[in-house]
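When you line the sequence shown up against the working numbering, it's residues 5 to 142, in that order.
For each residue, glycine too, the CB sits at the ideal point set by N, CA and C.
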Amino acid sequence: MSFSRVTGNPTPEVRTVTAWHEALNAGDVVRLVELSHPDVEVGGPRGTGHGAQLLREWADRANIHLEPGRIFQKADTVVVEQQAEWHTAGAGGSDAGQEVASIFVVRDGLVASVVRYPGIDEALQAADLHAPHERGPD
Numbered sequence: 005m006s007f008s009r010v011t012g013n014p015t016p017e018v019r020t021v022t023a024w025h026e027a028l029n030a031g032d033v034v035r036l037v038e039l040s041h042p043d044v045e046v047g048g049p050r051g052t053g054h055g056a057q058l059l060r061e062w063a064d065r066a067n068i069h070l071e072p073g074r075i076f077q078k079a080d081t082v083v084v085e086q087q088a089e090w091h092t093a094g095a096g097g098s099d100a101g102q103e104v105a106s107i108f109v110v111r112d113g114l115v116a117s118v119v120r121y122p123g124i125d126e127a128l129q130a131a132d133l134h135a136p137h138e139r140g141p142d
């Protein structure tokens, strides 16, 4: 999976979400926080919280790589199908990949919310998005 499917002129929201993934996967927590609202909502299987400090702690603790796949968008809401890999500290390896999906809400050029779901179907349902909202090559 990769963002290579979105070419041409992606929307500002998709560009923000792309940059967010790049920062996360590079381990650039400073850039990740810069791309996020100071009171960013961060959610997943362990619950939901708010704030840049929580995002920092999550990025450091989770040690996750999210490889983006299909993208769906309506207005400020972007759903991304992702291949997730968690890198285990000290083991020099990573856990087996797992397909997940995240809903991003982008406001004023910043990620205001990112909530992870077990799969694309759950994320699309939660965001009220459907197949016609898939972003293809522009």
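Have a look at residue i and residue j and give me their C-alpha separation to the nearest angstrom.
i, j, result
"Lys78", "Leu133", "7 Å"
"Pro14", "Glu89", "26 Å"
"Glu126", "His91", "25 Å"
"Leu59", "Arg50", "14 Å"
"Asp43", "Ala105", "21 Å"
"Pro122", "Val110", "21 Å"
"Ala66", "Gly55", "16 Å"
"His41", "Gly48", "18 Å"
"Pro72", "Val18", "11 Å"
"Glu138", "Arg74", "7 Å"
"Gly87", "Leu70", "The question names Gly, but residue 87 is Gln in the sequence shown. Distance between the alpha carbons of Gln87 and Leu70 is about 6 Å."
With distances taken from CA atoms, which of the options is nearest residue i?
i, options, result
"Phe108", "Gly140, Leu39 and Trp62", "Leu39"
"Asp32", "Asn13, Gln86 and Glu61", "Glu61"
"Ile68", "Glu26, Gly140, Thr52 and Arg139", "Glu26"
"Thr20", "Val118, Gly113 and Val83", "Gly113"
"Glu103", "His41, Glu85, Arg111 and Ala116", "Glu85"
"Thr52", "Asp80, Val119 and Gly73", "Val119"
"Ser117", "Val82, Arg35, Val34 and Asp64", "Val82"
"Asn29", "Val46, Pro16, Gln57 and Asp64", "Asp64"
In terms of residue numbering, what span does the alpha helix (DSSP H) encompassing residue i cover?
i, result
"Ala116", "Note, Ala116: premise wrong, no alpha helix (DSSP H); beta strand (DSSP E) at Leu114 to Tyr121."
"Ala130", "Ile124 to Ala131"
Between residue i and chain C, is there a C-beta pair that is closer than 8 Å?
i, result
"Ala30", "No chain C is part of this structure, which consists of one protein chain only."
Taking the continuous beta strand (DSSP E) assigned at residue i, which residues delimit it?
i, result
"Glu71", "Ile68 to Lys78"
"Arg111", "Gln102 to Arg111"
message: At 4 residues or longer, what runs of the alpha helix (DSSP H) sit wholly inside the stretch 20-62?
response: At a cut-off of 4 residues, the continuous stretches assigned as alpha helix (DSSP H) that sit fully inside the stretch 20-62 are 33-38.
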